[in-house]
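> Chains as they are written, first to last, in this note's numbering: chain V, 111 to 224; chain S, 802 to 913.
We treat Cβ as the ideally placed atom computed from N, Cα and C, and that holds for glycine.
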Amino acid sequence: EAGVTQFPSHSVIEKGQTVTLRCDPISGHDNLYWYRRVMGKEIKFLLHFVKESKQDESGMPNNRFLAERTGGTYSTLKVQPAELEDSGVYFCASSPTLAHNEQFFGPGTRLTVL
Amino acid sequence: KNQVEQSPQSLIILEGKNCTLQCNYTVSPFSNLRWYKQDTGRGPVSLTIMTFSENTKSNGRYTATLDADTKQSSLHITASQLSDSASYICVVGSGGSYIPTFGRGTSLIVHP
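#1: For V/H139, which residues in chain S fall below 8 angstroms Cβ to Cβ?
#2: Under the DSSP definition of a beta bridge, which residues are partnered with V/F159?
#3: Who does V/M149 pair with in a DSSP beta bridge?
#4: Within its chain, find whatever has a CB closer than 6 angstroms to the CB of S/L864; leave out the 5 residues flanking it on each side and keep chain order.
#5: Hey, how far is the Cα of V/P118 from the Cα of V/T219?
#6: Which whole-angstrom value is the C-beta distance of V/G113 and V/P206, which I expect to be below 8 angstroms?
#7: Which of helix, strand or coil does DSSP assign to S/D885?
#8: Can you name the start and end residues of the beta strand (DSSP E) that S/M851 belongs to?
#9: In the DSSP assignment, find the beta strand (DSSP E) that holds S/Y863 and state where it starts and stops.
#10: Is any beta-carbon of chain S found at less than 8 angstroms from that of V/G198?
#11: For the beta strand (DSSP E) that S/T827 lies in, which residues bound it at each end?
#12: Would you decide whether V/R233 is buried or exposed? Buried here means 16 or more other CB atoms lie within 10 Å of its CB.
#13: Give the range of the beta strand (DSSP E) segment to which V/R132 is assigned.
#14: Does the beta carbon of V/P217 sit closer than 8 angstroms to a beta carbon anywhere in chain S?
#15: Just reading off the beta strand (DSSP E) that S/S898 is part of, what are its end residues?
#16: What is the DSSP secondary structure of V/T180, counted as helix, strand or coil?
#17: Under 8 angstroms: do the stretch 153-168 of chain V and the stretch 892-907 of chain S share three or more Cβ pairs, one atom per stretch?
#18: Going by DSSP in three states, S/L909 sits in which element: helix, strand or coil?
#19: Tell me where the beta strand (DSSP E) around S/K838 begins and ends.
#20: Do you know how far the Cα of S/S874 is from the Cα of S/N825?
#21: Relative to the alpha-carbon of V/Y184, which residue among V/C133, V/V122 and V/R174 has its alpha-carbon at the smallest distance?
#22: For the candidate residues V/E195, V/Q190, V/V223 and V/R179, whose alpha-carbon lies nearest to that of V/L142?
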C-alpha cells in the first residue's frame, strides 16, 4: 500500500512568489494534517481536515496560507505571497480515524524562500 | 503551554554500542507518548506508543520507558546499527486534542 506522498520534494522560490504544495494521503484516510518544521525548531501543527472539511486551522500562521482538500482526497497548501520566514519543511500526515490513532507522515516538502 | 524537551540534541556513538535518549514533557492532560524515527529526507515513522498506564514498550532493539509521575520518557537503543542513524522525535498527545506536541528531536549518528 502506498504511503503518504508529497509533491514537490523541494521548492525554491523568491519572496513574493506563490507556491502550492500537494499531499496525497493514504487511500481511505479521512484525516489529513499539515505540519511545518522551521529550521532549528520543532514540528508544529498547521491544520487538520476531516474529509473535505477543515476541522482545525488554528496553527495556520496567517492569511497568506490557504489549504484545500476538494473531494476529501488530496490536499493542497498554497502560500501567497511567500515570505522569507515561510522557509521550512512542510509535512503532511494522515490517519484513518480520529485523533489519537497513529498519524502516517509523508516525506515532506522543503520550501526555501529567497 | 505544552512543551516537549529532548536531550541530548545530538549524539555520536560507535556501531554496536547502546544509547539512551531522553524526553521531558509538560503536556496536560496527558494522553500518550510516541517516539518517532526520522531518516534524512523522510517523514517521521512511529517506533513506540505508550499511554498513561504503560511504563515500557519495546520494538525490536528499541525500548521506550515512561514515568508519568515525573513526566519523563526515555528511548534505549541496544546494539546500535549504522541504520539507526536518524533523528528521534518524542511526541506527546494531549487528552481531548488530536494536536500533538513535538520535541525538537535528538540527532543520532552511528559510526562504524
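To lay it out plainly:
#1: Those within 8 angstroms of V/H139 in chain S number zero; the least Cβ separation is about 13 angstroms.
#2: V/L142 and V/K164
#3: Answer is none; V/M149 lacks a bridge partner.
#4: Correcting the residue identity first, residue 864 of chain S is Thr in this sequence and not Leu. Once the five neighbours on either side are set aside, the close Cβ partners of S/T864 are H877.
#5: 6 angstroms
#6: Not quite, the Cβ-Cβ distance comes to about 13 angstroms (not below 8 angstroms), so this is no contact.
#7: helix
#8: V846 to T852
#9: Y863 to D868
#10: no
#11: C820 to T827
#12: Here chain V comprises residues numbered 111 to 224, so residue 233 of chain V is not present and cannot be evaluated.
#13: V129 to D134
#14: yes
#15: Taken as a continuous stretch (DSSP letters only), S/S898 belongs to no beta strand (DSSP E), as it is neither H nor E.
#16: helix
#17: yes
#18: strand
#19: F831 to Q839
#20: 6 angstroms
#21: V/C133
#22: V/R179
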